[in-house]
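Okay, structure first, notes after.
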Amino acid sequence: MFLDTLSRSWEYAKCSYRVIWDHKQLTIFPIISGIATILVSASFLGPLFLTGTAQSWLELMDSSNTAQATPATHIAIWTTTFLFYFCNYFVIVFFNTALTACAMQVVSGEPPSISHGFGIASKRLPQIFGWALLSAVIGVILKAIENSNEKVGAFISSILGMAWTAITYFVVPTLVIEGSGPITSVKRSLSILKDNWGTALVGNFSMGWVGLLLMIPGILIGGIILFLGAGAASSGLLIGLGIAIIVLTVLIVSIWSSAADVVFKAILYNYATGKSVPQNLNPQMFQDAFRSRN
1 MFLDTLSRSW EYAKCSYRVI WDHKQLTIFP IISGIATILV SASFLGPLFL TGTAQSWLEL
61 MDSSNTAQAT PATHIAIWTT TFLFYFCNYF VIVFFNTALT ACAMQVVSGE PPSISHGFGI
121 ASKRLPQIFG WALLSAVIGV ILKAIENSNE KVGAFISSIL GMAWTAITYF VVPTLVIEGS
181 GPITSVKRSL SILKDNWGTA LVGNFSMGWV GLLLMIPGIL IGGIILFLGA GAASSGLLIG
241 LGIAIIVLTV LIVSIWSSAA DVVFKAILYN YATGKSVPQN LNPQMFQDAF RSRN
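No gaps in the numbering here: position 31 of the sequence shown is 31 in full-length UniProt numbering, and each next residue is one more.
What follows is the structure, encoded as structure tokens:
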């Protein structure tokens, strides 16, 4: 049973990674999304560092220090945290929506179009705004639970966070295809999950493992070069080369994996809702993915 699960997971992952490999232009979405989230983070953290309040804000966000803050400081902390979450979620969901729209084109047998993806994302701006708002609220609530108790709070927050991630697994594909609001999308996602998924979200975990496996060769090569550089007389060049190989490997595979994960969810949503899957994507593997629990 365990080997069968691993085998199916590998097939699901290969299918999604192959879509990105065949349509490399789709990696533009996670690349821009990553750059945008960095800019968002910088826009929040930059002023804090410039005013010398960054360290204080980070310390007050820690569960052991929050109780020491005044009511006004509490409001400022949680307002800033909420806005930070909201802006990041908005950026991430916008580009995931665009990528999902392109993935649906692939599933339909059409060549994906970047302009089509951005067009759908722009059309869904109200839904994206609503979903980012809800996600930010949930994020703040989970953070507050985590801060309530150093150990118990963190454990409860982690469990609730994992449950929320599972429940909302199909929210973005639902948002793209059905254009529903955040609450309706969550209900729809849960309905699809309960009606079709079976025992577990096997592919959700397999994507991460496959991404890790893809990183190993580059990391090993970089590590060997670093080891050789450490014992060489002129080690600077080798050490720099080794670090560059490792960093590039992690960066490239992370972008590839991020795009493949979005594609995977889009493909499974398409099959779960009764739509066809192209022959080159092996429909049988998706039938296996949605086996009902016995």
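Think of the CB as a built atom: it goes at the ideal place given N, C-alpha and C, for glycine as much as any other residue.
Report yes if the CB atom of valine 262 is closer than 9 Å to the CB atom of phenylalanine 29, and no otherwise.
For the purposes of this step, residue 262 is taken as the residue at position 262 of the sequence shown. For the purposes of this step, residue 29 is taken as the residue at position 29 of the sequence shown. Yes, the pair counts as a contact, with Cβ atoms nearer than the cut-off.
For phenylalanine 90 and chain D, any beta-carbon pair shorter than 9 Å?
The structure shown contains no chain D; it is built from a single protein chain.
Using C-beta distances below 7 Å, list every residue in its chain close to serine 257, excluding the 5 sequence neighbours before and after it, in chain order.
Residue 257 sits at position 257 when you count from the first residue of the sequence shown. Excluding residues within five positions, the ones whose Cβ falls inside 7 Å are Met207 and Gly211.
Does DSSP put glycine 179 in a helix, in a strand, or in coil?
Within the sequence shown, residue 179 is the residue found at index 179, counting from 1. Three-state result, glycine 179: coil.
Given serine 16, which residues of its chain have a CB within under 6 Å of its CB, disregarding the five upstream and five downstream residues?
One-based indexing of the sequence shown puts residue 16 at position 16. For serine 16, where only same-chain residues beyond five positions count, the Cβ hits under 6 Å are Ala260, Val263 and Phe264.
DSSP three-state assignment for lysine 151, whether helix, strand or coil
To locate residue 151, count along the sequence shown from 1; it is residue 151. Coil.
Between Ser108, Pro112, Val93 and Val140, which lies nearest to serine 122 when the distance is taken from Cα to Cα?
For this step, residue 122 is matched to residue 122 along the sequence shown. Per the Cα distances, Val93.
Would a C-beta distance cut-off of 9 Å place leucine 193 and serine 185 closer than the cut-off?
Here residue 193 is taken as the residue at index 193 of the sequence shown, counted from 1. Here residue 185 is taken as the residue at index 185 of the sequence shown, counted from 1. No, these two residues do not count as a Cβ contact at 9 Å.
Inspect the CB distances between the region 105-119 and the region 129-145 and report whether three or more fall short of 8 Å.
no
Rounded to whole angstroms, what is the Cα-Cα separation between tyrosine 169 and proline 126?
Translated into positions along the sequence shown, residue 169 becomes position 169. Translated into positions along the sequence shown, residue 126 becomes position 126. For tyrosine 169 and proline 126, the distance between alpha carbons rounds to 20 Å.
Start and end of the alpha helix (DSSP H) containing glutamine 105?
As a first step, residue 105 is located in the sequence shown; it is residue number 105 there, counting from the start. Here the alpha helix (DSSP H) through glutamine 105 covers 71-107.
Taking its Cβ as the centre, do 16 or more other Cβ atoms sit within 10 Å of threonine 100, making it buried, or is it exposed?
Start at 1 with the first residue of the sequence shown, and residue 100 comes out as number 100. When all chains shown are included, threonine 100 counts as buried.
Using three-state DSSP, classify tyrosine 169 as helix, strand or coil.
Start at 1 with the first residue of the sequence shown, and residue 169 comes out as number 169. Coil.
Return the CA-CA distance between phenylalanine 95 and isoleucine 32, expressed in angstroms with no decimal places.
Position 95 of the sequence shown, counting from 1, holds the residue named residue 95. Position 32 of the sequence shown, counting from 1, holds the residue named residue 32. Their backbone Cα atoms lie some 8 Å apart in a straight line.
Reduced DSSP secondary structure (H/G/I, E/B, other) of serine 16:
Position 16 of the sequence shown, counted from the first residue, corresponds to residue 16. Looking at serine 16 - three-state DSSP - the assignment turns out to be helix.
Does the Cβ of asparagine 147 have 16 or more other Cβ atoms within 10 Å, making it buried, or fewer, making it exposed?
The residue given as residue 147 occupies position 147 in the sequence shown. So asparagine 147 ends up on the buried side.
Touch check for the region 217-224 and the region 235-252: three-plus C-beta pairs under 8 Å?
yes
Give every residue of the same chain whose Cβ lies closer than 7 Å to the Cβ of glycine 229, excluding the five residues on either side of it in the sequence, and list them in chain order.
Residue 229 sits at position 229 when you count from the first residue of the sequence shown. Taken in chain order, the residues that qualify are Ser235, Leu238, Ile239 and Gly242.
With a threshold of 6 Å on Cβ separation, who are the neighbours of phenylalanine 90 within its own chain once the five nearest residues in sequence on each side are excluded?
Walking along the sequence shown from the start, residue 90 turns up at place 90. Once the five neighbours on either side are set aside, the close Cβ partners of phenylalanine 90 are Ala132.
Using CA coordinates, which residue listed in Phe227, His74 and Pro182 is at the minimum distance from isoleucine 167?
Here residue 167 is taken as the residue at index 167 of the sequence shown, counted from 1. Comparing Cα positions, the closest option is Pro182.
Might you give, ordered along the chain, the residues of its own chain that have their beta carbon closer than 7 Å to the beta carbon of phenylalanine 86, omitting 5 neighbours on each side?
Residue 86 sits at position 86 when you count from the first residue of the sequence shown. Excluding positions up to five away in sequence, the list reads Ala132, Leu133 and Ala136.
Euclidean distance between Cα positions of serine 64 and lysine 143
Reading the sequence shown from its first residue, position 64 is the one you call residue 64. Reading the sequence shown from its first residue, position 143 is the one you call residue 143. Note on serine 64: pLDDT 49, under 50, position unreliable in the model; the coordinate value appears next. The straight-line gap from Cα to Cα measures roughly 13 Å.
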